[in-house]
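Participant:
Protein chains: 2
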Amino acid sequence: MAVVNPSTLSVGSVLAQEAEFSSPLRLVSGQEIGPYRLAYETYGRLNARADNAVLICHALNASHHVAGSRPDNPDDIGWWDNMIGPGKPVDTRQFFVIGVNNLGSCFGSTGPASLNPATGQPYGSDFPVVTVEDWVHAQALLADRLGIHRFAAVMGGSLGGMQAMQWAISYPSRVAHAVVIASTPRLSAQNIAFNEVARRAILNDPDFHGGHYYAHGVVPRHGLSVARMIGHITYLSDDDMAQKFGRSLRGANDYRFGFDVEFEIESYLRHQGEKFSGYFDANTYLRITRALDYFDPARSHGGDLAKALAPATAAFCLVSFTTDWRFPPERSREMVSALMQNNARLTYAEIDAPHGHDAFLMSDPRYHALISEYFRQVHRTLGRTDD
Amino acid sequence: MAVVNPSTLSVGSVLAQEAEFSSPLRLVSGQEIGPYRLAYETYGRLNARADNAVLICHALNASHHVAGSRPDNPDDIGWWDNMIGPGKPVDTRQFFVIGVNNLGSCFGSTGPASLNPATGQPYGSDFPVVTVEDWVHAQALLADRLGIHRFAAVMGGSLGGMQAMQWAISYPSRVAHAVVIASTPRLSAQNIAFNEVARRAILNDPDFHGGHYYAHGVVPRHGLSVARMIGHITYLSDDDMAQKFGRSLRGANDYRFGFDVEFEIESYLRHQGEKFSGYFDANTYLRITRALDYFDPARSHGGDLAKALAPATAAFCLVSFTTDWRFPPERSREMVSALMQNNARLTYAEIDAPHGHDAFLMSDPRYHALISEYFRQVHRTLGRTDD
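Heads up: the protein sequence lines correspond to chains W and B, in order. Residues in the first sequence are numbered from 43 upward in steps of one, following my numbering. Residues in the second sequence are numbered from 43 upward in steps of one, following my numbering.
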């Protein structure tokens, strides 16, 4: 007899959808972009009250493909498949879950590699700089299209958590719960510094061609690869790297006294960089890191985060990870403190997990138990909201 | 009446010297390099017993110009001038201090930019990979030349501290005190990862030309600049960066929605990168980061650092800084633990200083008081050694 562990169930094969928007989107920068397209996937079913929708916001390099596999590729599993599915922490038997690719990305939504209707050529560097507010604005228009007035939850990790936070600020009446994981209310100087080095590596690559590399049939893959390597170091904890790679040599018992791959960690990073530069768009990388730099809701309130969060009526669930040195627990505690000043409903957990920033993508049992329980409660309250 | 604070005194204007070595140096890699030249400076006077010499070993980007100014440029102050001089922690009225530029560097000693006698062209990528052991070996030959059998102290911070450690292991009878500051007995996977990204940035720069860029009249300045920016982030603490730069914008009150310099931290890093790429040799950068990667005295002792340090008879003074995340206090404690296993004479201080790894170059009062007191004791024992 086969015993099925529900936590291993998947939403199965999922076809991506597209929503076209003919009216231009007015951006925070003052520029407009349009017409534009958003790629998205959905899992589960929207209930009759349309109050069981959960929006999943993605981080730097992810997409709308959050869970399940793709019809054309059963091995292409969604980036948060361990979190979303039948019997998983965000249970698709109870919730209607939406994954959306952000504007400016490179996985189906309109971005720098898309054709600019004004020129018939890819936008390239003419694609505007988009912000977290802009993404949230576009996501809200998609929600309108899908008949969702109010989300049971908006949820994300890292940059995705910033979007969840921004939702609670921009559209208080449309978010019942904001689930903000491994995130920060603003980048630190060190965070910006790493982003800037990554951007320099891309901008200095001779194959960048001022952002119009598509026309040259090349991509700035060296620069993008270095950018990804830098990013990757900041996603892992020092200890985790030490445990996984240590000082192990690659394919040799002794030093070879050269600059080819010598240590396992070098091999791993190069591989990550090369793989990434093969599928990710450099112009998108520039824009998403800039959106990270710019996010700072307290900025227009004299640095007062509590004031920035004052409009929010959502209940918040915040999670941080002890070994995350990119967005360490201190950053989440700032949000907790601001939300407590506002008497917001709030759950906060600091998970003692070894995997650094990437922990938000892993299935640490305590972390997943917390999210499961949180969403069980969210589910219990469905139908009770009256706004 | 002018009151002179002795701590503000300088060794004054110092002329660099050169020592030529006609016999090739056999390197750890098995290669040989020679003839070769070492550039050095000295401050103070060697006493009659020749037992008051202190060797200062430099870190990645520094040189033999440790203290004082240069005859041709009074503004070119040595990199550790706050530490070395009359009345300073290493008092040049008592000690004969030597700064030496390491083999493979680019400030006067033979390195990749030097002419290869075999070809009449710069060595470029034909310059061998040198190690900490090789540097120490060459320094010992310089000491022979200067009539110094035994150093009162060998001292350095970061990579310089590794050399001090290696001296105590390689030449136990020639080092009375090893002063090892903000150092580590080996790089972590994360340390190697940062070095590797920096090297990729250089190696991928089209102006690198396989290391033979001298012949093309160019230098891989973009790659070297990115390398330096990465390094620089790891030298500063997160808090220090936050305090110095925070999220301040450069020359504007609002975001400009582009990829030019926007934040002060970006401006600072770009400036550091550009300045560095104007004077430092990329081939040297590759080699020095590799020497850092390779340093691991415990490696040939099955990872047992105490065994590696067993030959050492020197007294050790170790210092680490609480906010140094490049070589954090834990790394120094590993050395302390190994030395305690060996019943070595040992002083260890963890200085609570905000400046990250770079703290070893700053004049934190507690740090300098410690080094002052340590060297007063070293001075008191001069003449008493009998080996």
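Each residue gets a CB set at the ideal place from its N, CA and C atoms; glycine is no exception. In this text the structure is predicted, and so the values were computed from the model without any measurement.
#1: Which residues does DSSP list as the beta-bridge partners of Phe193/B?
#2: On the DSSP bridge list, what partners appear for Asp133/W?
#3: Quick check: His107/W and Gln163/W, are their CB atoms within less than 9 Å of each other?
#4: Does the distance from the CB of Leu351/W to the CB of Ala401/W come in under 9 Å?
#5: Where do the ends of the beta strand (DSSP E) carrying Gln59/B lie?
#6: What residue ranges within the segment 88 to 169 of chain B form continuous beta strand (DSSP E) runs of no fewer than 3 residues, ordered along the chain?
#7: For Gln205/B, does the count of other Cβ atoms within 10 angstroms reach 16, so buried, or fall short, so exposed?
#8: Taking the alpha-carbon positions, what's the Gln33/B to Arg422/B distance?
#9: Do Gln181/W and Pro339/W have their C-beta atoms within less than 9 Å of each other?
#10: Go ahead and pull the three-state DSSP assignment for Glu238/B.
#11: Using a C-beta to C-beta distance shorter than 8 Å, which residues of chain W count as neighbours of Asp338/B?
#12: Once you ignore the five residues that flank His219/B on each side, which residues in its own chain have a CB closer than 7 Å to its CB?
#13: Can the beta-carbon of Pro214/B be found closer than 9 Å to that of Leu347/B?
#14: Quick check on the DSSP output: the beta strand (DSSP E) that includes Tyr390/W runs from which residue to which?
#15: What in chain A is Cβ-close to Arg241/B, meaning under 7 Å?
#16: Skipping 5 residues on each side, what residues in its chain have a beta carbon closer than 8 Å to that of Leu291/B?
#17: Strictly by DSSP, which residues pair up with Tyr83/W?
#18: How big is the Cα-Cα spacing for Ser167/B and Asp118/W?
#19: Are Ser52/W and Gly141/W close, meaning C-beta to C-beta below 9 Å?
#20: Give the DSSP bridge partners of Gly210/W, in chain order.
#21: Contact check, Leu145/B vs Tyr82/B under 8 Å by CB: the rounded distance?
#22: Answer with yes or no whether the minimum CB distance from Ala231/B to chain W is below 9 Å.
#23: According to DSSP, simplified to helix, strand and coil, what is Arg8/W?
#24: Relative to the C-alpha of Gly198/B, which residue among Val261/B, Ser151/B, His100/B and Pro248/B is closest?
#25: Just by C-beta distance, which residues in the segment 268 to 288 of chain W are closer than 7 Å to chain B?
#26: Quick check: what's the CA-CA separation for Asn233/W versus Asp123/W?
#27: Using a Cβ-Cβ cutoff of less than 6 Å, which residues in the same chain neighbour Arg112/B once the five nearest sequence positions on both sides are dropped?
#28: Under 7 Å Cβ to Cβ from Ser71/B, same chain only, skipping five residues before and after it: list those, please.
#29: Could you have a look at Ala231/B and say whether DSSP puts it in helix, strand or coil?
#30: Could you tell me which chain W residues have their CB closer than 8 Å to the CB of Pro248/B, listed as they occur along the chain?
#31: Helix, strand or coil for Ala357/B? Go by DSSP, reduced to three states.
#32: With three or more C-beta pairs closer than 8 Å as the rule, is the segment 368 to 376 of chain W touching the segment 391 to 407 of chain W?
#33: Residues of chain B with CB under 7 Å from Glu376/W, in chain order?
#34: Assign Val171/W to one of three DSSP states: helix, strand, or coil.
#35: Can you list, in chain order, the residues of its chain whose CB lies under 7 Å from that of Glu392/B, leaving out five sequence neighbours each side?
#36: If distances are taken between C-alpha atoms only, which option among Met125/B, Ile190/B, Glu74/B and Ala104/B comes closest to Ala92/B?
Facilitator: Taking the structure as given:
#1: Val217/B
#2: Gly127/W
#3: no
#4: no
#5: Gln59 to Phe63
#6: Here the runs fully enclosed are 95 to 99 and 138 to 142.
#7: buried
#8: Only positions 43 to 429 of chain B appear in this structure, which leaves residue 33/B out of reach.
#9: no
#10: helix
#11: Arg289
#12: Ala194, Ala195, Ala356, Ala357, Cys359 and Val420
#13: no
#14: That run of the beta strand (DSSP E) goes Leu388 to Ile393.
#15: Protein chains W and B are contained in the structure displayed, whereas chain A is not.
#16: So the qualifying residues of the chain are Tyr297, Glu304, Phe305 and Glu306.
#17: The residue you asked about is not Tyr; residue 83/W is Glu in the sequence shown. Looking at the DSSP assignment, Glu83/W forms a beta bridge with Gly141/W.
#18: 42 Å
#19: no
#20: At residue 210/W the sequence reads Ala, which differs from the Gly that was named. The partner list for Ala210/W (beta bridge, DSSP) is empty, contrary to what the question assumes.
#21: Not confirmed; about 12 Å, so no contact.
#22: yes
#23: Since the first residue of chain W shown is 43 and the last is 429, residue 8/W is not available in this structure.
#24: His100/B
#25: Val268, Met271, Ile272, Ile275, Asp280, Met283, Ala284, Phe287 and Gly288
#26: 28 Å
#27: Around Arg112/B: Asp118.
#28: Pro170 and Val171
#29: helix
#30: Pro248
#31: strand
#32: Segments in contact, yes.
#33: Residues of chain B passing the Cβ test: none, with the nearest at roughly 12 Å.
#34: Here DSSP, grouped into helix, strand and coil, assigns Val171/W to coil.
#35: Ser362, Thr364 and Pro371
#36: Ile190/B
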